[in-house]
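Read the structure below first, then the notes.
Protein chains: 2
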Amino acid sequence: MEDRKYHHGDLRAALLHAAEAELAERGVEAFSLRQVAKRAGVSHAAPAHHFGDAQGLLTALAAEGFRRFLATQAEREARANPDPHAQLVAGGLGYIDFALARPALFRLMFGSDRPAFGDPALCAAADAAYDHLQAQVAAAGGGVADVAALWAQAHGLADLLMSGRLKPLCDLAPADRDATLTVLLSRCFPAA
Amino acid sequence: MEDRKYHHGDLRAALLHAAEAELAERGVEAFSLRQVAKRAGVSHAAPAHHFGDAQGLLTALAAEGFRRFLATQAEREARANPDPHAQLVAGGLGYIDFALARPALFRLMFGSDRPAFGDPALCAAADAAYDHLQAQVAAAGGGVADVAALWAQAHGLADLLMSGRLKPLCDLAPADRDATLTVLLSRCFPAA
DNA sequence: AGGCGATCTTGACGGTGTAAAGTTTTGCTT
DNA sequence: AAGCAAAACTTTACACCGTCAAGATCGCCT
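The listed protein sequences derive, respectively, from chains A and B.
Taking our numbering, I'd label the letters of the first sequence as residues 1 to 192.
Taking our numbering, I'd label the letters of the second sequence as residues 1001 to 1192.
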C-alpha cells in the first residue's frame, strides 16, 4: 500500500521485521546487523540512524518480544476457565508456548545481555509482564514467595523444553503435554 | 615449576584457563578467541591446533563446567543431612550456588548454542549431572515427573537469580535466602 | 524557489574467526 | 649420534563484522 514514503517507506518497521527473521534463523549469538540491513535491502549503515547501534535494535526487538509474550499468555487465558487457579495455569502454559514458538526471541529476552535492559521502553514492556504474573498470583491469594515459585517453575520448564532438554516431555502429544505441564505448575500454587 | 615442555608447556590447559577467565570477564556473547590467545601469550592461531575452532574450545569449557557443576552440588550435599529429602534440597541449592558463582559458565552450558552438545566428552559430563539428579529423585521415591518438576524449579530459580530478576530473593542474607529457596524447592517434591 | 534537515549510501578502520603456508622444536628411528 | 618426519606454533591472508565520518539525495517548510 504505502511504500516509499521518504526514501524507503518506514525503514524502522522493515528493519525490525528483518531483524526478527534473522534472529529466528541464525540465533542471538550469530545475529549480524549487516545481514539484517541486506535482508531489508538497505546499506549496512542504515540501521544506525534508527537504532543507534546493534544493541539499540536488539533492545527494541526485546521490547516487542515482551509485548508478544503477554499476548501469547492472553490467548491461553482467554480459552481457559476464569477462576484464578486455571488462569494461573494458563499463564504458565502461555509462557511455555512462547518459548517454544519463538526460541530465539525468548533467549534474547531472558538469556542474553545484548539488549539494554535499562531502556525505558524495554523496562516498561518487561514490567508489564511481571505485573501480570503478580496480579494473577494475588488473585489466587498468593504472595511474593508464590510469585517466585510459579515464575521459576514456568521459566525453568520453558527454558529446558526450548533447549531440547526434558526430551520425554517434549515428545508428548500436545494434549498430554499440556496435562503434564499443568500438574507440574500446580505443585507451585499458593498453599491452601 | 615445569614450563616449556614442548614450546610452551601444555598450552591446552593454559588456553582453557585463559578462556574461562575471558568468559567470566566478558561473557559468552563477547567471547573472543584472539583475546584468549593474547591472554595466554601465544599467537592468535595457536588455539586451532588444540581445539580446532572456537566451538571446540567452548565445548571443552562447557564439559569442564559440568564437572565443576557436579562438584558444587557435592559440596552442598556433603554438608547436608543424608536423608533423601535433604539431599534433594542440597542438590538444588548447589545448582543455584553454581549459577551465581559462575554465571558466564552457567550461560554457556544452559543458554548458548555455541558449544557442540553432540560432542562425546560434553555429552558424558552433562549426562553425569542428569543421572545424579535422577538418582537423587529415585532415592526419594519419585519418578520422571518429579525429575522434571525439581529440575525446572532449580533451573528456573538459578537462571532468574543469576540474571538479576527476582531481586527481593537475591538481596536476602545468605541464611534467609537458603531457607526461602528450600521452601520453594520443597514444593516440587515427590508427592507422599 | 530555495535552502535545510532528515534519510540513506559510501568508504574506511580496527577487530574477529579461520584457512594455508612457513618456521621451529621434539622425539623417534636407524 | 644423526637425521628426518611430525607435532607445535607463527605468520600471512581473506572475508565478515560493528561503527564512525563524510558525502549524496530526497521531502518539507518558509
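Note that beta-carbon positions come from the ideal geometry of N, C-alpha and C, so glycine has one too.
Model, not experiment: these values are computed from the prediction.
query, result
"Any C-beta of chain B under 7 Å from that of A152 (chain A)", "yes"
"DSSP three-state assignment for C1188 (chain B), whether helix, strand or coil", "coil"
"Beta-carbon separation (whole angstroms), C1188 (chain B) vs Q1153 (chain B), contact threshold 8 Å", "5 Å"
"Interface positions of the region 1162-1174 of chain B facing chain A (Cβ-Cβ less than 9 Å), listed along the chain", "S1163, G1164, R1165, L1166, P1168, L1169"
"Where F1117 (chain B) sits in the DSSP three-state scheme", "coil"
"Contacts that D159 (chain A) makes with chain B (C-beta to C-beta distance below 9 Å)", "F1110, G1111, A1152, H1155, G1156, D1159"
"Contact set for A1037 (chain B): own chain, Cβ-Cβ below 7 Å, skip 5 residues either direction", "S1043, H1044, A1046, P1047"
"Beta carbon proximity, A1013 (chain B) to chain A, threshold 7 Å", "no"
"Reduced DSSP category for H132 (chain A) - H, G, I as helix; E, B as strand; rest coil", "helix"
"Residue range of the alpha helix (DSSP H) that includes P1047 (chain B)", "1046-1051"
"Range covered by the alpha helix (DSSP H) that runs through F106 (chain A)", "103-110"
"Minimum C-alpha distance to D10 (chain A) - residue among A:H49, A:A54, A:G156", "A:H49"
"Chain-ordered neighbours of T180 (chain A) on chain B, where CB pairs are closer than 9 Å", "A1145, A1148"
"Closer than 7 Å at the beta carbon, the chain B residues around G27 (chain A)", "D1113"
"Proximity to L70 (chain A) [Cα-Cα], best of A:T59, A:L57, A:D97", "A:D97"
"First and last residue of the uninterrupted alpha helix (DSSP H) at L1077 (chain B)", "It should be pointed out that residue 1077 (chain B) corresponds to Glu in this sequence rather than to Leu. Run containing E1077 (chain B): 1054-1079, per the alpha helix (DSSP H) assignment."
"Beta-carbon proximity of T72 (chain A) to L122 (chain A), cut-off 7 Å", "no"
"R1187 (chain B) at chain A interface by Cβ criterion, 7 Å", "yes"
"Span separating the alpha-carbon of F1066 (chain B) from that of A1126 (chain B)", "6 Å"
"Coarse secondary structure for G164 (chain A), derived from DSSP in three states", "coil"
"Supposed contact pair A21 (chain A) and R39 (chain A) - C-beta distance, whole angstroms, cut 8 Å", "7 Å"
"Interface residues of chain A facing R1102 (chain B) [CB-CB closer than 7 Å]", "Chain A residues near R1102 (chain B): none, gap ~15 Å exceeds 7 Å."
"Cβ separation of R107 (chain A) and G94 (chain A), assumed to be a contact under 8 Å, to the nearest whole Å", "At roughly 18 Å, the Cβ-Cβ gap does not stay under 8 Å, so R107 (chain A) and G94 (chain A) are not in contact."
"Within 7 Å, strictly: CB atoms of L166 (chain A) and A1148 (chain B)", "yes"
"Interface partners of V1137 (chain B) on chain A, CB under 9 Å", "What V1137 (chain B) touches in chain A: nothing, since even the nearest Cβ is about 13 Å away."
"Residue environment, S32 (chain A), which counts as buried when at least 16 other CB atoms sit within 10 Å", "exposed"
"Proximal residues of chain B, C-beta to C-beta of V183 (chain A) below 9 Å", "A1145, A1149"
"Cβ separation of L1169 (chain B) and L1161 (chain B), assumed to be a contact under 8 Å, to the nearest whole Å", "6 Å"
"Chain-ordered neighbours of R107 (chain A) on chain B, where CB pairs are closer than 8 Å", "G1111"
"Burial state of D1053 (chain B) (16 or more Cβ within 10 Å)", "exposed"
"V1089 (chain B) vs L1157 (chain B) beta-carbon contact at 7 Å", "no"
"Candidates A:Q87, A:R68, A:D171, A:A13, of which the one nearest A101 (chain A) by Cα", "A:R68"
"For E1025 (chain B) and G118 (chain A), the rounded distance between their alpha carbons", "21 Å"
"Contact set for G142 (chain A): own chain, Cβ-Cβ below 7 Å, skip 5 residues either direction", "P190"
"Simplified DSSP assignment, three categories, for V137 (chain A)", "helix"
"For P1082 (chain B) and G27 (chain A), the rounded distance between their alpha carbons", "43 Å"
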